[in-house]
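K.L.:
Have a look at this one.
Protein chains: 4
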Amino acid sequence: MNIEEVKSFLDEIITHRRQLHQIPEVGLELPKTKEYITSKLKEFGLEFKECGHGLVVDFGEPPYVAIRADMDALPLQELNDVPYKSKHEGKMHACGHDAHAAVLLTLAHYLSQNKPKKGVRLLFQPGEEGHFGAVDMIKNGVHEGVEVIIGGHVGTIGQGEAPEGAVLSKKGPFMAAADEFKVRFVGKGGHGSSPHETLDPIVAAASFINTVYIHRSRELRQTHPVVITVARVSSGTTHNVIPEEALLQGTVRTLFEDDRKFIAKRLEELAKSIANMFRMKVEFEYMWGYDSLHNTPDVVDEIKSISEEIGAVFVELPEPVMGAEDFSYYLKERPGAFFFVNTANKEKGIIHPNHSAYFDVDEEKLWIPLAIFIRFLERHGRL
Amino acid sequence: MNIEEVKSFLDEIITHRRQLHQIPEVGLELPKTKEYITSKLKEFGLEFKECGHGLVVDFGEPPYVAIRADMDALPLQELNDVPYKSKHEGKMHACGHDAHAAVLLTLAHYLSQNKPKKGVRLLFQPGEEGHFGAVDMIKNGVHEGVEVIIGGHVGTIGQGEAPEGAVLSKKGPFMAAADEFKVRFVGKGGHGSSPHETLDPIVAAASFINTVYIHRSRELRQTHPVVITVARVSSGTTHNVIPEEALLQGTVRTLFEDDRKFIAKRLEELAKSIANMFRMKVEFEYMWGYDSLHNTPDVVDEIKSISEEIGAVFVELPEPVMGAEDFSYYLKERPGAFFFVNTANKEKGIIHPNHSAYFDVDEEKLWIPLAIFIRFLERHGRL
Amino acid sequence: MNIEEVKSFLDEIITHRRQLHQIPEVGLELPKTKEYITSKLKEFGLEFKECGHGLVVDFGEPPYVAIRADMDALPLQELNDVPYKSKHEGKMHACGHDAHAAVLLTLAHYLSQNKPKKGVRLLFQPGEEGHFGAVDMIKNGVHEGVEVIIGGHVGTIGQGEAPEGAVLSKKGPFMAAADEFKVRFVGKGGHGSSPHETLDPIVAAASFINTVYIHRSRELRQTHPVVITVARVSSGTTHNVIPEEALLQGTVRTLFEDDRKFIAKRLEELAKSIANMFRMKVEFEYMWGYDSLHNTPDVVDEIKSISEEIGAVFVELPEPVMGAEDFSYYLKERPGAFFFVNTANKEKGIIHPNHSAYFDVDEEKLWIPLAIFIRFLERHGRL
Amino acid sequence: MNIEEVKSFLDEIITHRRQLHQIPEVGLELPKTKEYITSKLKEFGLEFKECGHGLVVDFGEPPYVAIRADMDALPLQELNDVPYKSKHEGKMHACGHDAHAAVLLTLAHYLSQNKPKKGVRLLFQPGEEGHFGAVDMIKNGVHEGVEVIIGGHVGTIGQGEAPEGAVLSKKGPFMAAADEFKVRFVGKGGHGSSPHETLDPIVAAASFINTVYIHRSRELRQTHPVVITVARVSSGTTHNVIPEEALLQGTVRTLFEDDRKFIAKRLEELAKSIANMFRMKVEFEYMWGYDSLHNTPDVVDEIKSISEEIGAVFVELPEPVMGAEDFSYYLKERPGAFFFVNTANKEKGIIHPNHSAYFDVDEEKLWIPLAIFIRFLERHGRL
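Chains as they are written, first to last, in my numbering: chain A, 18 to 400; chain B, 18 to 400; chain C, 18 to 400; chain D, 18 to 400.
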């Protein structure tokens, strides 16, 4: 790989990124985004196929080295005042998937000029933001014939801990499973001066909050990364009426399936025990989010070596990141690794976190993921 | 007193009550209500004077035996379909003060025909429903020259425990002081997956709830009637964002000033200790409502005797009522007693509690308070 | 009744009291105490009969006016240095039952000289201190033929609130039912660094403590006198071993059977719900003590009148006393009343509370209960 | 290194180990143990010096590769029935330090025959079991001139997860800091029926327990391994006496100093806030144990390679071990690594955990640490 050659593709990446940035779409159905990508692929003389709601570009025969980019946006109103600002009211590429798709599209262009010697598969995935886009493509067999898969994520990452332009990853457990729960205690309301005639849901709510944190501190392996947060409690409207119900909501973040299933089971048991204790009813709902993401250690070692080869700082994170990513599902099927690229730039004011209405990426750094992908293909004998 | 003569005034009571029922007014300013009452007083050839926002009719010289009626209504839309339905949108005599004023007005009529031998004072009081109407009149000296004061309250009272038409009261502590408190814990919000970067106000709220009930069970004399209720807790809006603040509201009901002041002080201390414990800020507000109402034992004995004389069942309540009434302020100045008359009538469907949009009184029973007042005046040498 | 005549019996009361004080006996079997009493009764020419473990002296035929004295002592080493100090190691009349029996014995003497016109029954009862002596005598029919029963209790009572020599009582609910509970949470012990391999009984204990006070503050009528106290918690022996078990003990004081039964049921339910919540076992035990004591209002009025007649201050207590007394069982069978006599004397240093190893009574005041009994018999046509 | 040659030293290791096993000594002063070791060193013709309460054997000049063995025992009565059973009443080598010292002594013998080309330092350390023996030697400069240090620990380790004979270690944070805390809430005791006259320490204890677990779940980085355990709560002796005091004890295990200091500070603040909240006093004590142990990643990689070279299974632990070890203090001064050797043998019944009175080691495996040490010296150019 000629690093200068790779860097010469930066302008193209930026062009694609800005085009995609202006037409953000949410969920699994991304007609305009896919229209842009497929029109370019056609320009490059490349064939592609639909795979679920996503797109696949194959070079050569299996076994494939696979590279994935997600391409969906968030339901958020952009507040940046930039020439390439979102043209879709209430939608914004505030998580950098526009950059991911632009890099992968540029890689496709590169590969159209530098034919791989062996199988390579590019995945343009929709619906990463909570819509299980990866699962959609796996159901349609996107992992078949794949021997290893990698993907990257840009953003304002590792601020203060990792330098700008750094590549970050971790062997094994890397990103969390992120689930959600909802509890509704249904007591019996009444006058504030006659609690004995009521079944007070507020004390059930307070007991639940306390018990959740007892559970987290006593019942789980204390060396495992686990977050349980009750982020909402709502009951009553005024000072002297004991309400009928109390609503609680929260999030659960885990790295290991055993912890996750145990917590889901125990939270339900705790809610039911407390309802039983206070003689009331309870509705409990546990909403399973993405599975946790576990990187194959050897592939992380490769990403580390490659990063150093291309002159990027590599940071091996000592602990997992508690956010979630549906790239996890590919890694349940095949070896591979996911990594971050810190595209913040303090000088340019690019400091807002992912999912902020002010989010942006330092486009000058987008050659980094491209270089990693190309070098990875070389190491695996594809180039 | 000739009981038949008294009962012959029932029609007049009903007429006044229905007129007043149609023109409910809220608070301290009651122009139409007072217009109706004063026009009648003039018809009866009686003089009256303004006292604060209320009216006073005096017969003879001090010392006075005083009788009080409140005359304000509630901000409530009447749902009864009766000929005398409220004509004021969103206002309703849902607590029977129309009946109280009607009885007192009829008593004025009676006294215009049966001149008292010694001083009698009739009080038409506004703003009982949370507006401190009694305090307003006392500030204007209404209690000066008064040697004893009584007042009654109609309603759907003692259902199941007291028969319809019963008179109910209690010596000493009879009705509660009813106060209100508000607590706002101000922490630091953040992402649900990073609680260590936040100061979670929800755990402060849960701790406060628990500690309030520890306080009630441990720090107060357990033989005293006390209700402390946290009736509202509100913090957060969704499952994965730790909120900035938590709001709690509640009510405190006490019979003794020592308990009341101690609770007000302790709730504030508890809120501040918990805020301190969790390194956050707190705003605490305690809103003092009406003082508790303590009947003079001997006067209750009189009401009991009188009730039996006029053929009404008298129920001496074994415990105080945890509602509040600003008649308490008269009893802090002078001896006297307050009593209830159960004006429910199951057969007629008059079963809805006070403050209900379906509240009504069995008018056929309104001779009872009139008879009690007249007989009380007789016993005190006024008639 | 000639009050001077009554007072002339004071020396005799004191003699009996000092004799009995030296031979304290505990429980239902009181051979020496009964030997002393029966020998005196024989001296007075009176017949008596055994009734369960107690003694009964009847005058005339039923219906009887009954007067009861208890006569058992406490398992306590007396620390007073008085000529009449206890001669029984580890036993002491530290609750004044010696005085009670002495007064009743003197009354028997009085009645042997002043023959009652109608039926009178004197009850010498054992085992009041937790041994259900009253129940023992009732099982043997002691209440049959009785129309009214009274009893008194001396002691250091109402200090600061009632003057020395005052008679104190209350209509209706007067003394509490006093029960006991024990909870043992059986979890699974282990190393302090591996809580997830254990079932930690300490968090179950803490949850139980909190929930008991939520129960007391929310589920019970807040105008009722109720005390629930967790007075013991014990779990673990060192800093780094999670224990197998946690033990809790406490007391429950109530005035109403509904509250009492509800609490007993709820405490068991709470303990079981918490054990279930934390996946452990629990042993729950509720030990029923004496029933609550309810005085007949009219008889209290009589005690009040009599007190005033004999020149004693009468204090009508505004609230019940949370101690227990098995006189309650007589009042479940027959009308009657129980009262206290404040036999403290600050000047003489008689200030120690009942059940203290320094307890004593001001013997000069013991004519008061005697006078009350004699006057009561007169009012009921017995003398 | 000739592995067969190394294995030929096994008999010597076993001999030393059995001799040392019979003369266990506790703490910093180990006269008999040191007498045995020094006599052998003299036999081998080696010089040694005292260093604090430990012994040091140097070969060549600095820089040294250092190898450490601890040699103290536990205050425990051995329950094994073996020919080499402890001869010291109430003392036992129940943690395998006899084996550690035996291996190091044998290594000294080996090195007396195979002279190192460059500096080697052997450390015989006392007082590892809570007596800060490592700190004692460091204070005396034992780390000066050392460029890298390693040490191993035998035991029944990784049962079920690691095969017998496996070598286990982890890069970075490997073993915990283990501290202890004690809290005494000093309230005001009284009768169980009058909680309002007391300051109940039991509710303070329950609140502290709950709040500790809120702290662990909310205030700490949830990806860090942390254990906080309240392992003891003790207050009260019977059912109806509210006690004066409540005592709590617990342990804190951390891997990072920031967590550790923060917890120590916060536990004290929590205890004081709760005492303040309940108007009582509190005594808080935090007893600092050993610092956490962090392995140098590269040295762990070496141990891994060496293990594989000598035919042992190497297990890289995914999580730290929450036990403590004062080897941590060497690693705060110099690079190095600590590792475990699983010396369990199910077939021989050697299954009891370290610190058990039935603990033993499969002596046949003791050539493994010796081989690791020798190979490590070779890799570092010492042999």
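Where is the CB? At the ideal position from N, CA and C, for every residue including glycine. Just so you know, these numbers come straight off a predicted model, no measurement behind them.
#1: Along the chain, where does the beta strand (DSSP E) containing residue 67 (chain A) start, and where does it finish?
#2: Under 7 Å Cβ-Cβ, which residues of chain B neighbour residue 293 (chain D)?
#3: Once DSSP output is grouped into helix, strand and coil, what is the label at residue 283 (chain B)?
#4: Starting from residue 242 (chain D), find everything on chain B with Cβ-Cβ shorter than 9 Å and list it in chain order.
#5: Any idea if residue 374 (chain A) is buried or exposed, counting beta-carbon neighbours within 10 angstroms, 16 or more meaning buried?
#6: Which chain D residues are close to residue 223 (chain C), counting only those with a beta carbon under 7 Å from its beta carbon?
#7: Can you give the Cα-Cα distance for residue 163 (chain C) and residue 146 (chain C), rounded to whole angstroms?
#8: What residue range does the alpha helix (DSSP H) around residue 5 (chain C) cover?
#9: Decide yes or no for the touch test of the region 300 to 315 of chain B against the region 269 to 282 of chain B: beta carbon pairs closer than 8 Å, at least 3 of them.
#10: Does any residue of chain D have a CB that is nearer than 9 Å to the CB of residue 277 (chain B)?
#11: Taking DSSP as the reference, what is the three-state secondary structure of residue 170 (chain C)?
#12: What's the gap between the Cα of residue 108 (chain A) and the Cα of residue 376 (chain A)?
#13: Are the beta-carbon atoms of residue 393 (chain D) and residue 159 (chain D) separated by less than 9 Å?
#14: Look up residue 332 (chain B) in the DSSP assignment and say whether it is helix, strand or coil.
#15: Cβ of residue 261 (chain C) less than 9 Å from any chain A Cβ?
#16: Count Cβ pairs between the region 28 to 47 of chain D and the region 27 to 46 of chain C that sit closer than 8 Å; are there 3 or more?
#17: Within 10 angstroms of its Cβ, does residue 384 (chain B) collect 16 or more other Cβ (buried), or is it exposed?
#18: Quick one: is residue 85 (chain A) near chain C, going by C-beta distance under 9 Å?
#19: State the start and end residues of the unbroken alpha helix (DSSP H) segment that holds residue 348 (chain C).
#20: For residue 346 (chain C) and residue 155 (chain C), which I take to be in contact (beta-carbon distance under 8 Å), what is that distance rounded to the nearest angstrom?
#21: Here's the rule I'm using: 16 or more other beta-carbon atoms within 10 Å means buried, otherwise exposed. How should residue 168 (chain D) be labelled?
#22: If you measure between the beta carbons of residue 171 (chain A) and residue 358 (chain A), is that distance less than 9 Å?
#23: Could you pull out every residue in the same chain whose Cβ sits closer than 7 Å to the Cβ of residue 298 (chain C), ignoring the five residues on either side in sequence?
#24: Are three or more beta carbon pairs between the region 137 to 153 of chain A and the region 66 to 77 of chain A nearer than 8 Å?
#25: Where do the ends of the alpha helix (DSSP H) carrying residue 53 (chain B) lie?
#26: If I measure Cβ to Cβ from residue 49 (chain A) and keep anything under 8 Å in the same chain, skipping five residues before and after, which residues do I get?
#27: Report the residue ranges of all alpha helix (DSSP H) runs contained in full by the region 174 to 213 of chain B; include only those spanning at least 4 residues, in chain order.
#28: Please return the same chain residues whose Cβ sits closer than 8 Å to the Cβ of residue 391 (chain C), not counting the five positions on each side in sequence.
#29: Any beta carbon of chain C sitting closer than 9 Å to that of residue 235 (chain A)?
#30: Beta-carbon within less than 7 Å of residue 387 (chain B)'s beta-carbon, same chain only, minus the 5 sequence neighbours each way: which residues are those?
#31: Compare the C-beta of residue 212 (chain D) against all C-beta atoms of chain B and say whether one is closer than 9 Å.
#32: At a cut of 8 Å, does the region 211 to 222 of chain D reach the region 245 to 255 of chain D through at least three beta carbon pairs?
#33: For residue 203 (chain B), would you say it is in contact with chain D, using Cβ-to-Cβ distances shorter than 9 Å as the test?
#34: In the DSSP assignment, what residue or residues form a beta bridge with residue 138 (chain D)?
#35: With a threshold of 9 Å between beta carbons, is residue 286 (chain D) in contact with chain B?
#36: Is the CB of residue 299 (chain D) under 9 Å away from at least one CB in chain C?
P.N.:
So, from the listed chains and residues:
#1: 66 to 68
#2: 290
#3: helix
#4: Per Cβ cutoff of 9 Å: no residues; residue 242 (chain D) is ~14 Å from chain B at best.
#5: exposed
#6: 223, 226, 227
#7: 24 Å
#8: As displayed, chain C neither begins before 18 nor continues past 400, which places residue 5 (chain C) out of reach and without an answer.
#9: yes
#10: no
#11: strand
#12: 13 Å
#13: no
#14: strand
#15: no
#16: no
#17: buried
#18: no
#19: 345 to 350
#20: 6 Å
#21: buried
#22: yes
#23: 203, 292
#24: yes
#25: 48 to 60
#26: 40, 42
#27: none
#28: 18, 23, 124, 127, 400
#29: yes
#30: 23, 26, 30, 120, 123, 124
#31: yes
#32: yes
#33: no
#34: D:75, D:83
#35: yes
#36: no
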